[in-house]
Each structure stands twice: as C-alpha cells, then as structure tokens.
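> Numbering (the working numbering), first residue to last: 564 to 731.
The C-beta atom is built at its ideal place from N, Cα and C for all residues, glycine as well.
Computed from a predicted structure; not experimentally measured.
Here it is, the structure, as structure tokens.
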C-alpha cells in the first residue's frame, strides 16, 4: 500500500504542477517555473506522507518515496527538455507557419534575436549580468554561478557540447 500512496502523491504532483504554472502566468506571480515545480513537489510529498501515516497501518516511507521520487524526476526531466529550449522554439516557429518552412536568414534575423533577448533579460533580472554601455558584464553572482556550473559540468564528466564552451 505504501507504493500506492507514493504513486497517488506523484499523480497529485503531475496535476498540481501545471495548475501552478497556469495560475502564476494568469496572476503575474514573479515566481520562476522551476521554483513552482519545487513547491509542488514539497506540497505533494508532504501530503502523500500524511496520507500514508493516516491511512496505511504499517506505512513504509521509503517505498512511497521511491515511487514518488521516480515519477517526479521523470516529470522534471521532461519539463526541462521543453522549457525554454532555443531549438524547440525555432522548430515551433517553423511548424506554426502555413508553409511549414522558413529561410535561415529569416530565422536568424527575426526569431533568434527575440529568443536571446529573452534569455539576457532573464540573466539581468536574476542579477547574473548587468548592462554596461553597449555590452553585458557578469556580476559577482554571475561569476560565482558560472564557476559552480563549470565545477558541476566537470564533476558529471560533461565536455564541450558544441553549444557552450566551458574551457578553463
């Protein structure tokens, strides 16, 4: 029964996560999408544990947590694969056109600048970079973050992906 409780908590997470994302957009909440996922995970995990304690006579926490964790991580990986993906935005921009194609020059001149301006806005809003004259400079927080990301990439054995160069 503990596995069922973990699964029910995961189903609750899958239902709550998109609802929180929609509410945040509709109400203009300044909370990031990943933060909302964390909030949904904490709430549904807590509710699942309480349900298990109240309903299952010999509740096995780790059984429930293993199913919950596996399902939530699958959701998070899928979410991350489509969240703010530059490649997918380009693909969607092409597919949304009536002829289902676009010349490279149009993609580069119209769509890519919008995508990257949105990204740089996120970095500025997050305090990681700041505009300096006609350039952008990494803030102390940005340099610190880049250092940590570089360490994590090395720890995970992630090399140059040809998109980003994290050489030392």
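For residue 642, which residues from the same chain have a beta carbon less than 7 Å from its beta carbon, with the 5 sequence-adjacent residues on both sides left out?
Within the chain shown, numbered from 1, the residue matching residue 642 stands at position 79. Cβ neighbours of residue 642 within its own chain (closer than 7 Å, five residues either side excluded): 600.
> By alpha-carbon positions, which one of 629, 606, 578 ends up nearest to residue 567?
Indexing the chain shown from 1 puts residue 567 at position 4. Among 629, 606, 578, the Cα nearest to that of residue 567 belongs to 629.
> In angstroms, rounded to a whole number, what distance separates the CA positions of residue 650 and residue 596?
Here the question's residue 650 lines up with position 87 in the chain shown. Here the question's residue 596 lines up with position 33 in the chain shown. Answer to the nearest angstrom: the Cα atoms are 19 Å apart.
> Would you grab the beta carbon distance between residue 710 and residue 692 for me? Rounded to a whole angstrom, and I think it's under 8 Å.
By one-based count along the chain shown, residue 710 stands at place 147. By one-based count along the chain shown, residue 692 stands at place 129. Incorrect: roughly 15 Å between the Cβ atoms, too far for contact.
> Within the continuous alpha helix (DSSP H) that includes residue 570, where are the two ends?
For the purposes of this step, residue 570 is taken as residue 7 along the chain shown, with counting starting at 1. Unbroken alpha helix (DSSP H) run through residue 570: 565 to 590.
> I'd like the list of long-range same chain contacts for residue 627, defined as Cβ closer than 8 Å, with 5 residues on each side in sequence excluded.
By 1-based counting over the chain shown, the position of residue 627 is 64. Around residue 627, the same chain offers 565, 566, 568, 569, 572, 611, 612, 615 as residues with beta carbons nearer than 8 Å, after the five sequence neighbours per side are excluded.
> Would residue 671 be called buried (16 or more neighbouring beta carbons within 10 Å of its own) or exposed?
Against the chain shown, residue 671 aligns to sequence position 108. With fewer than 16 other Cβ atoms within 10 Å, it is exposed.
> Is it buried or exposed for residue 719, if we count other Cβ within 10 angstroms and need 16 for buried?
Here residue 719 refers to the residue found at position 156 when the chain shown is read from its first residue. Classification of residue 719: exposed, given that the 10 Å Cβ count is below 16.
> Are there 16 or more other CB atoms within 10 angstroms of the CB of residue 698, so buried, or fewer, so exposed?
For the purposes of this step, residue 698 is taken as the residue at position 135 of the chain shown. That one is exposed.
> Would you kindly report the start and end of the unbroken alpha helix (DSSP H) that includes residue 665?
If you number the chain shown from 1, residue 665 lands on position 102. Here residue 665 belongs to no alpha helix (DSSP H), and DSSP marks it neither H nor E.
> Just to confirm before moving on: does the CB-CB distance between residue 579 and residue 598 stay below 8 Å?
Walking along the chain shown from the start, residue 579 turns up at place 16. Walking along the chain shown from the start, residue 598 turns up at place 35. No. Outside cutoff.
> Taking DSSP as the reference, what is the three-state secondary structure of residue 693?
Here the question's residue 693 lines up with position 130 in the chain shown. DSSP places residue 693 within a strand segment (E or B) once states are collapsed to three.
> In angstroms, rounded to a whole number, what distance separates the CA positions of residue 666 and residue 622?
On the chain shown, residue 666 is found 103 positions in, with the first residue counted as 1. On the chain shown, residue 622 is found 59 positions in, with the first residue counted as 1. If you take the alpha carbons of residue 666 and residue 622, they lie about 59 Å apart.
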